[in-house]
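1238 is the number of the first residue of the sequence shown in the working numbering; add one for each residue after it.
Structure, as structure tokens:
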Amino acid sequence: MSTRSWSRPTLRVLRVLAILWVVSLLCFFSMNLLPGDPAQAILGVTATPEGLASLRQQMGLNEPVVERYLAWIGGVLTGDLGQSFHTQQEVGAIVLERTPVTIELIVLSQAIALAFAVPAAIAAAVRRRSGADKAISLWVFTVLSTPNFVIGVLLVWVFAIVLGWFPSNGFVPVSDGLIPHLSSVLLPSIALAAAPFALYQRVLRADLASTFDREFIAVARAKGIAPHRVVFGHALRPSLLGLSTSVGVTVGTMIGSTVVIETLFGLPGIGSELVRAVQTRDFVTVQGIVLAIATAFIVINTTVDYLYGIIDPRLRSAKLIKGDVHA
1238 MSTRSWSRPT LRVLRVLAIL WVVSLLCFFS MNLLPGDPAQ AILGVTATPE
1288 GLASLRQQMG LNEPVVERYL AWIGGVLTGD LGQSFHTQQE VGAIVLERTP
1338 VTIELIVLSQ AIALAFAVPA AIAAAVRRRS GADKAISLWV FTVLSTPNFV
1388 IGVLLVWVFA IVLGWFPSNG FVPVSDGLIP HLSSVLLPSI ALAAAPFALY
1438 QRVLRADLAS TFDREFIAVA RAKGIAPHRV VFGHALRPSL LGLSTSVGVT
1488 VGTMIGSTVV IETLFGLPGI GSELVRAVQT RDFVTVQGIV LAIATAFIVI
1538 NTTVDYLYGI IDPRLRSAKL IKGDVHA
């Protein structure tokens, strides 16, 4: 193995660290250079000058912004994301407390998206250019062009207000019962699953259509193999690579989408906490949450990129050839 091959993982790690450093800069300075007084926003209009001065001192607002950044990033490197001046909690503890709700929301929405996207893609690919294919495509494009908060509002109106089948908002922990818990997270999960469903259906439908045109599928059909075996036994597996990659990338982007859905449905996840922190000018909490979300997004996408090269040897070989050409 060449030195270049050994250095590739190192370069990938260095790239991730560089991106995270830039994110930390943007996050910190965008919050700390906003107009207005954070101390005033926290204490309110009835705060005394002495109280404001004390809080500004406690928050370090009297120090130069560069010194504040160095102190904050130094704490981050040791695992200390700071303390919320609004709730007095450690930001790291807030992230750990809120993250499980967000993870559950993402996992459920991914399961729902895949459960509907795979059958829809197979049905459309098997009946290409038919009425069913066109109807599914219209449905998918409609979903893809509709913001998830609009879908969430429609779900609340139909299933919570009109039919009364589910609660309109709020979160019920598992300790209070599995059915009430699932009822509280199902509608937000469906709303969050809408965009991934549309993406997955389009990707898998295109890959299946391409696979159906390949020679080994024609040979399988010529041998008289049953149509369902041709689909599930021969065409589906080689068509799943694009879908698996899309799932990995979408998981990263869904972390940001949860902000809207959690706020709309009143779920105590990391997204709704970020909204609260922005509204109260709790910039230490905002910085910590944004950095945590960015880290998760970058790590997930870097891992997907790495695994994609392992799963598909053609991509890895192409990168190696390209590297040798430029060497």
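Each residue gets a CB set at the ideal place from its N, CA and C atoms; glycine is no exception.
Around the Cβ of Ile-1416, a 10 Å sphere holds fewer than 16 other Cβ atoms; the residue is exposed.
Here Gln-1320 is bridged, per DSSP, to Glu-1327.
In this structure, the alpha-carbon of Leu-1424 lies about 19 Å from that of Thr-1487.
Three or more Cβ pairs drawn from the segment 1440-1448 and the segment 1362-1378 lie within less than 8 Å of each other, which places the two stretches in contact. When the beta-carbon positions are compared, Phe-1534 and Gly-1489 come within less than 9 Å of each other.
Going by DSSP, Lys-1371 is part of the alpha helix (DSSP H) stretching over 1368-1381. Three or more beta-carbon pairs drawn from the segment 1378-1394 and the segment 1494-1503 are found closer than 8 Å, and the two stretches are therefore classed as touching. Approximately 7 Å separates the beta-carbon atoms of Leu-1511 and Val-1523; this is inside 8 Å, confirming the contact. With the rule of 3 Cβ pairs closer than 8 Å, the segment 1429-1437 counts as touching the segment 1341-1356.
Of the residues Leu-1262, Trp-1258, Arg-1335, Gly-1329, the one whose Cα lies closest to the Cα of Gly-1316 is Gly-1329. Under the 10 Å beta carbon count, Trp-1309 is surrounded by 16 or more other beta carbons and is classified as buried. In the DSSP annotation of this structure, the continuous segment of the alpha helix (DSSP H) that includes Ala-1430 starts and ends at 1415-1449. Scanning the segment 1328-1364 for uninterrupted beta strand (DSSP E) segments of 3 residues or longer gives nothing; none is fully contained. Look at Ser-1267 here: in three-state DSSP terms it is helix.
In the three-state DSSP reduction, Ser-1405 falls in the coil class, being neither helix nor strand. Residue environment analysis places Ala-1459 among the exposed positions, since fewer than 16 neighbouring C-beta atoms fall within 10 angstroms of its C-beta. Non-local C-beta neighbours of Val-1355 in its own chain, meaning closer than 7 Å and more than five positions away in sequence, comprise Leu-1441, ordered along the chain. Three or more Cβ pairs closer than 8 Å define a contact, and the segment 1450-1457 meets that threshold against the segment 1470-1479. By the Cβ-count criterion, Gln-1438 is buried, with 16 or more other Cβ atoms from all chains shown falling within 10 Å of its own Cβ.
The Cβ neighbour count for Gln-1320, taken over all protein chains shown within 10 Å, is at least 16; the residue is labelled buried. Comparing alpha-carbon positions, the option among Val-1344, Thr-1283, Thr-1247 lying closest to Ser-1426 turns out to be Val-1344.
Nearest to Gly-1506 by C-alpha distance, out of Leu-1263, Leu-1314, Arg-1335, is Arg-1335. Looking at Cys-1264, Gly-1414, Phe-1408, the one whose alpha-carbon comes closest to that of Val-1338 is Phe-1408.
Residue state for Ala-1533 is assigned as helix, using DSSP reduced to three classes. By the CB criterion at 9 Å, Ile-1331 and Gly-1525 fall inside the cutoff. Across the set Asn-1269, Pro-1475, Leu-1477, the C-alpha of Asn-1269 shows the shortest separation from the C-alpha of Asn-1299. Taking the Cα positions, Gln-1295 is about 47 Å away from Leu-1381.
Between Leu-1528 and Val-1313, the CB-CB gap stays under 9 Å. Ala-1446 and Pro-1464 have their C-alpha atoms some 14 Å from each other. By the Cβ neighbour-count rule, Thr-1448 is buried, with 16 or more other Cβ atoms within 10 Å of its own.
Here Val-1399 is exposed: its Cβ has fewer than 16 other Cβ atoms, across all protein chains shown, within 10 Å.
Taking C-beta separations shorter than 6 Å and ignoring five residues to either side along the sequence, the partners of Phe-1502 in its chain run Asn-1406, Pro-1425, following chain order.
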